[in-house]
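A.B. asks: So in UniProt numbering, spot 224 of the sequence shown is number 224, and the numbers just go up one at a time. Every residue gets a Cβ at the ideal spot worked out from N, C-alpha and C, and that includes glycine.
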Amino acid sequence: MLQNGCWVCLQKQSNNNNNVVTQPTTACGRSLSKASSRTNMPRCRNSIATTAEDTPHIGNYRLLKTIGKGNFAKVKLARHVLTGKEVAVKIIDKAQLNSSSLQKLFREVRIMKNLNHPNIVKLFEVIETEKTLYLVMEYASGGEVFDYLVAHGRMKEKEARAKFRQIVSAVQYCHQKCIVHRDLKAENLLVDVDMNIKIADFGFSNEFTLGNKLDTFCGSPPYAAPELFQGKKYDGPEVDVWSLGVILYTLVSGSLPFDGQNLKELRERVLRGKYRIPFYMSTDCENLLKKFLVLNPAKRGSLEQIMRDRWMNVSHEEDELKPYIEPEPDYKDPRR
1 MLQNGCWVCL QKQSNNNNNV VTQPTTACGR SLSKASSRTN MPRCRNSIAT
51 TAEDTPHIGN YRLLKTIGKG NFAKVKLARH VLTGKEVAVK IIDKAQLNSS
101 SLQKLFREVR IMKNLNHPNI VKLFEVIETE KTLYLVMEYA SGGEVFDYLV
151 AHGRMKEKEA RAKFRQIVSA VQYCHQKCIV HRDLKAENLL VDVDMNIKIA
201 DFGFSNEFTL GNKLDTFCGS PPYAAPELFQ GKKYDGPEVD VWSLGVILYT
251 LVSGSLPFDG QNLKELRERV LRGKYRIPFY MSTDCENLLK KFLVLNPAKR
301 GSLEQIMRDR WMNVSHEEDE LKPYIEPEPD YKDPRR
């Protein structure tokens, strides 16, 4: 099976190709159900990293248990020594990153510092030493939506709608700030203690401008738009719109719309654009999916149009989903 490969020609690539993602080791269409074991579940995770050094404190934060780990970083739960507030601290070993990776890391930091939405993980503080970068971020104690689906199975449409409204609001907010996420998936959707969505991991995000195409083919294959598999340049928002369609399908059905035993088979199915509609899915939900999962990116719905969709606003007729407006900063706030 292709472990690291080019999406377009499906040829094997070296691990240092920054535009290549890791293909999941099993078929990605397997049901995300409680019966599935963690060992054979199709995860679409990008590496987070680890440092050799364990520091009990950084700044005003006491470092606690490790909650995430990858090649060049680790994520630790931490607690502010004065307020007791829990945060997540991403600890990145800069020495393990080449100049290109460092540039992408600092771009991620710059983008996160520019975002202020209730359904996006907040970056509170950046602490930099000669060898290490510490990103102090909001802690979402409920974990990943992926794990929730594994434990509980598919969501009823009412529950899925509540979550999806938050997801769409956050992604539309990014787009209006000319930021595209490019790696939207169930593993990058976290929930807090109140089960509110928090979008995480902006490692593949980038700024976009009208008229200038992006050409990095990144993200996670089961959630990737067909134009990425075809090696075509793209504007930006349309690839997030496709991924949102995959997420909606996954929330409501507990499985992915496009599966395959390997990357070649997955690519073929995505490029056909055919997916099964479960018998329990409402007509309104099916019609909404047709606005997302459109092979021609120019014909996909805009998020502003999708916000007004009938399914999105069931039981919210007096609270139609609208673009998020950032509150004006309160310069008199003593906490600033």
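One question on the structure: do Tyr-324 and His-181 come within less than 8 angstroms of each other, judged by their Cβ atoms?
C.D. replies: Numbered from its first residue, the sequence shown carries residue 324 at position 324. Numbered from its first residue, the sequence shown carries residue 181 at position 181. No, the pair does not count as a contact, with Cβ atoms beyond the cut-off.
A.B. asks: Going by the DSSP bridge assignment, what does Glu-207 pair with across the sheet?
C.D. replies: Residue mapping note: residue 207 aligns to position 207 of the sequence shown, counting from 1. Answer is Ile-179, bridged to Glu-207.
A.B. asks: May I have the straight-line CA-CA distance separating Ser-302 from Ala-140, to the nearest angstrom?
C.D. replies: Locating residue 302 in the sequence shown gives position 302, where the first residue counts as 1. Locating residue 140 in the sequence shown gives position 140, where the first residue counts as 1. Distance between the alpha carbons of Ser-302 and Ala-140 is about 29 angstroms.
A.B. asks: Which residues in the same chain have their Cβ closer than 6 angstroms to the Cβ of Pro-297, if we skip the five residues on either side of it in sequence?
C.D. replies: Stepping through the sequence shown from its first residue, residue 297 is reached at position 297. Only Glu-227, Glu-238 meet the Cβ criterion.
A.B. asks: For the alpha helix (DSSP H) holding Lys-90, just list the boundary residues, first then last.
C.D. replies: The count along the sequence shown starts at 1 and reaches residue 90 at position 90. Here Lys-90 belongs to no alpha helix (DSSP H); instead the beta strand (DSSP E) covers 86–93.
A.B. asks: Using CA coordinates, which residue listed in Asn-188, Asp-309, Gln-172, Asp-183 is at the minimum distance from Phe-146?
C.D. replies: Position 146 of the sequence shown, counted from the first residue, corresponds to residue 146. Of the listed residues, the one whose Cα sits closest to Phe-146 is Asn-188.
A.B. asks: Give me the DSSP bridge partner(s) of Ile-143.
C.D. replies: Position 143 of the sequence shown, counting from 1, holds the residue named residue 143. The residue you asked about is not Ile; residue 143 is Gly in the sequence shown. Gly-143 is bridged to Val-191.
A.B. asks: Is Ser-205 a contact residue of the ligand ZN, with contact defined as CB to any heavy atom under 7 angstroms?
C.D. replies: Annotation note on the ligand ZN: not contained in the displayed structure, which lists no ligands.
A.B. asks: Quick check on Asp-194: buried or exposed, where buried means 16 or more other Cβ atoms within 10 Å of its Cβ?
C.D. replies: As a first step, residue 194 must be located in the sequence shown, where it is residue number 194. Exposed is the call here.
A.B. asks: Rounded to a whole number of angstroms, what is the C-alpha to C-alpha distance between Lys-65 and Leu-184?
C.D. replies: If you number the sequence shown from 1, residue 65 lands on position 65. If you number the sequence shown from 1, residue 184 lands on position 184. Lys-65 and Leu-184: Cα-Cα distance of roughly 26 angstroms.
A.B. asks: What does a CB cutoff of less than 7 angstroms around residue 370 pick up in its chain, not counting 5 residues either side in sequence?
C.D. replies: The requested residue 370 is not part of the displayed model; the chain covers only 1 to 336.
A.B. asks: Buried or exposed for Ser-100, please, with buried defined as at least 16 other CB atoms from any protein chain shown within 10 angstroms of its CB.
C.D. replies: For the purposes of this step, residue 100 is taken as the residue at position 100 of the sequence shown. Exposed, since its Cβ has fewer than 16 Cβ neighbours within 10 Å.
A.B. asks: Distance check for Met-137 and Val-246, CA to CA, integer angstroms please.
C.D. replies: Indexing the sequence shown from 1 puts residue 246 at position 246. Indexing the sequence shown from 1 puts residue 137 at position 137. So the alpha carbons of these two residues sit roughly 27 angstroms apart.
A.B. asks: Which residue's Cα is closest to the Cα of Ala-73: Lys-163, Asn-60, Leu-135, Leu-214?
C.D. replies: What you label residue 73 is simply residue 73 of the sequence shown in a count that begins at 1. Checked all of Lys-163, Asn-60, Leu-135, Leu-214; the closest Cα to Ala-73 is Leu-135.
A.B. asks: Who are the near neighbours of Leu-271 in its chain, counting only those whose CB is closer than 8 angstroms to its CB and skipping five residues on each side?
C.D. replies: Sequence index remark: in the sequence shown, residue 271 carries index 271 (1-based). Taken in chain order, the residues that qualify are Pro-226, Phe-229, Gln-230, Leu-295.
A.B. asks: Helix, strand or coil: which one does DSSP assign to Met-281?
C.D. replies: Within the sequence shown, residue 281 is the residue found at index 281, counting from 1. In this structure, Met-281 counts as coil in the three-state DSSP scheme.
A.B. asks: Is Lys-233 helix, strand or coil by DSSP?
C.D. replies: For this step, residue 233 is matched to residue 233 along the sequence shown. In this structure, Lys-233 counts as coil in the three-state DSSP scheme.
A.B. asks: Identify the continuous beta strand (DSSP E) that holds residue 358 and give its terminal residues.
C.D. replies: The structure shown has nothing for residue 358, since the chain only spans 1 to 336.
A.B. asks: Among Asp-319, Ser-243, Gln-172, which residue has its Cα nearest to the Cα of Ser-220?
C.D. replies: By 1-based counting over the sequence shown, the position of residue 220 is 220. It is Ser-243 whose Cα lies nearest to the Cα of Ser-220.
A.B. asks: Do the segment 257–265 and the segment 150–165 touch if we need at least three Cβ pairs shorter than 8 angstroms?
C.D. replies: Not touching, per the Cβ criterion.
A.B. asks: Using only the alpha-carbon positions, how far apart do Asn-313 and Ala-95 sit?
C.D. replies: For this step, residue 313 is matched to residue 313 along the sequence shown. For this step, residue 95 is matched to residue 95 along the sequence shown. Rounded to the nearest angstrom, the two C-alpha atoms are 49 angstroms apart.
A.B. asks: Between the alpha carbons of Pro-327 and Lys-113, how many angstroms are there, rounded?
C.D. replies: Here residue 327 refers to the residue found at position 327 when the sequence shown is read from its first residue. Here residue 113 refers to the residue found at position 113 when the sequence shown is read from its first residue. If I take the Cα positions, the gap works out to 16 angstroms.
A.B. asks: Which value, in whole angstroms, describes the spacing of the CA atoms of Lys-198 and Thr-216?
C.D. replies: Here residue 198 refers to the residue found at position 198 when the sequence shown is read from its first residue. Here residue 216 refers to the residue found at position 216 when the sequence shown is read from its first residue. Near 25 angstroms, if we compare the C-alpha coordinates of Thr-216 and Lys-198.
A.B. asks: So what does Arg-79 bridge to, in DSSP terms?
C.D. replies: Locating residue 79 in the sequence shown gives position 79, counting from the first residue. According to DSSP, which records beta bridges pairwise, Arg-79 is partnered with Arg-62, Glu-86.
A.B. asks: Report back the beta-carbon spacing between Lys-304 and Gln-172 to the nearest angstrom; my notes put them in contact at under 8 angstroms.
C.D. replies: Taking the first residue of the sequence shown as position 1, residue 304 is located at position 304. Taking the first residue of the sequence shown as position 1, residue 172 is located at position 172. Per the sequence presented here, residue 304 reads as Glu, with Lys not at that position. That pair is a contact at about 7 angstroms.
A.B. asks: With H, G and I counted as helix, E and B as strand and the rest as coil, what does DSSP make of His-316?
C.D. replies: Locating residue 316 in the sequence shown gives position 316, where the first residue counts as 1. Note: His-316 maps to coil in three-state DSSP.
A.B. asks: How many angstroms separate the CA atom of Val-150 from the CA atom of Lys-290?
C.D. replies: Against the sequence shown, residue 150 aligns to sequence position 150. Against the sequence shown, residue 290 aligns to sequence position 290. The straight-line gap from Cα to Cα measures roughly 26 angstroms.
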